[in-house]
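Peer 1:
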Amino acid sequence: MTSIAIVGPGAIGGTVAAWLAQNPDFDVSVCVRTPIADLVVETPEGTIRATPKVLTDPSEASPVDWVLVATKTYSTDSTRPWIEALCAQGTRVAIIQNGVEHVRLFEHIVPAERLVPVMINLPATRHAPGRIEQSRHGVIAVPAGQNGEDFAALFAHTEIEAAAHADFVSQLWIKLCGNCAAIVPALTLRAMGPVWSPDFEAIVRGLNEECAAVGRAEGAEIPQSVVDDFVERSRTMPEGAIAGSLHADRLAGNPMEIDARNGVIVRLGEKHGIPTPMNHMLVTLLGASGSPWVKRD
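When we follow full-length UniProt numbering, the leftmost residue of the sequence shown carries the number 1, and every step to the right adds one.
(1) Are three or more beta carbon pairs between the segment 141-158 and the segment 50-63 nearer than 8 Å?
(2) Measure the CB-CB distance between residue 261 and residue 183 and report whether it falls below 8 Å.
(3) Since I believe residue 136 is in contact with residue 44 (beta carbons under 8 Å), could you give me their beta-carbon distance rounded to a whole number of angstroms?
(4) Please identify the residue among 255, 267 and 274 whose C-alpha is closest to the C-alpha of residue 286.
(5) Hey, residue 117 and residue 95: beta-carbon distance below 8 Å or not?
(6) Can you tell me where the beta strand (DSSP E) with residue 66 in it begins and where it stops?
(7) Taking all protein chains shown into account, do 16 or more other C-beta atoms lie within 10 angstroms of the C-beta of residue 171, making it buried, or fewer, making it exposed?
(8) At which residues does the alpha helix (DSSP H) containing residue 123 begin and terminate?
(9) Does residue 204 come out as helix, strand or coil in the three-state DSSP assignment?
(10) Taking residue 115 as the reference, give the member of 167, 54 and 68 with the closest Cα.
(11) Quick one: residues in its chain with C-beta nearer than 8 Å to the C-beta of residue 125, no 5 flanking neighbours on either side, listed in chain order?
(12) Among residues of its own chain, excluding the 5 on either side of residue 143, which ones have a beta-carbon nearer than 6 Å to its beta-carbon?
(13) For the beta strand (DSSP E) containing residue 5, list its first residue and its last residue.
Okay, here's the thing in structure tokens:
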């Protein structure tokens, strides 16, 4: 039996845990701060339920075959006690997070050869602890190689399409091109779609063009059509169609993944000598909207 522990069973982690738990050959645990009785996920295929083992303290954990980390990027260090308790020499650790820096964020905790960075596109909303709505079928991409192929195989029985890709870097950056404009509704506090003008389009296009330029410098293959298609979808989407987790976190007063979604574009742009004025400005503005204030030396 394959043992799997999910650290951070929120909207994404909880959905993944529930799907994996449908396989009787998997022993699934969830690592939480507050106990939950079960997982109930409304999916496009109907309702799925799961009763994974619930762990509330790393002292309760024992080594497993797979650790799946599905926390926010700013919570990396808080996962360390869980990872150390759940890992043995052969344990592999999959990082299911936003952004493009999965390995950089965790290689000080887990040897890089045992890390599996995961790109996931799985629209899901947590309405209450253990209660999740999955609005569309999910897609997972991982790097080619034994670790990636073994991870993708875990989802063979699910409605989540998982595959290993030789050009994984492009998968990450193409997703980031689609996500980087989510900083706009986080600032306007209004979902994309209802308001459009040439000036607004210039902002959305600028964010995406800068992201694509930096991604290409990092080795990603990003066709111009990726940018053009995103701008067109943004222009024509119905009111309230997309706001995103940055918007939701700001409304809730939670920390925001500003660095993983847009700050990384600015940082890596500086590394490659690529100007990113649109991302830089909006990162600065959204950072100033948060609390507490962040002091810079």
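Using N, Cα and C, we set each Cβ at its ideal position, and we do this for glycine too.
Peer 2: Short version:
(1) no
(2) By 1-based counting over the sequence shown, the position of residue 261 is 261. By 1-based counting over the sequence shown, the position of residue 183 is 183. Yes.
(3) Here residue 44 corresponds to residue number 44 of the sequence shown, with the count starting at 1. Here residue 136 corresponds to residue number 136 of the sequence shown, with the count starting at 1. Indeed, because the Cβ distance is near 6 Å, the residues count as touching under 8 Å.
(4) The residue labelled residue 286 in the question sits at position 286 within the sequence shown. Closest option to residue 286, Cα to Cα, is 255.
(5) Counted from its first residue, the sequence shown places residue 117 at position 117. Counted from its first residue, the sequence shown places residue 95 at position 95. Against a cut-off of 8 Å, the Cβ pair of residue 95 and residue 117 comes out as a contact.
(6) Indexing the sequence shown from 1 puts residue 66 at position 66. First-last of the beta strand (DSSP E) with residue 66: 66-69.
(7) Against the sequence shown, residue 171 aligns to sequence position 171. Looking at its Cβ environment, which holds 16 or more other Cβ atoms inside 10 Å, residue 171 is buried.
(8) As a position in the sequence shown, residue 123 is number 123, starting the count at 1. Per DSSP, residue 123 belongs to no alpha helix (DSSP H) and is neither H nor E.
(9) Mapped onto the sequence shown, residue 204 falls at position 204. It is helical.
(10) As a position in the sequence shown, residue 115 is number 115, starting the count at 1. Measuring from the Cα of residue 115, the nearest candidate turns out to be 68.
(11) In the sequence shown, the residue the question calls residue 125 occupies position 125. Correct list, in chain order: 11, 132, 133 and 135.
(12) Walking along the sequence shown from the start, residue 143 turns up at place 143. Cβ within range, chain order: 168.
(13) Within the sequence shown, numbered from 1, the residue matching residue 5 stands at position 5. Run containing residue 5: 2-7, per the beta strand (DSSP E) assignment.
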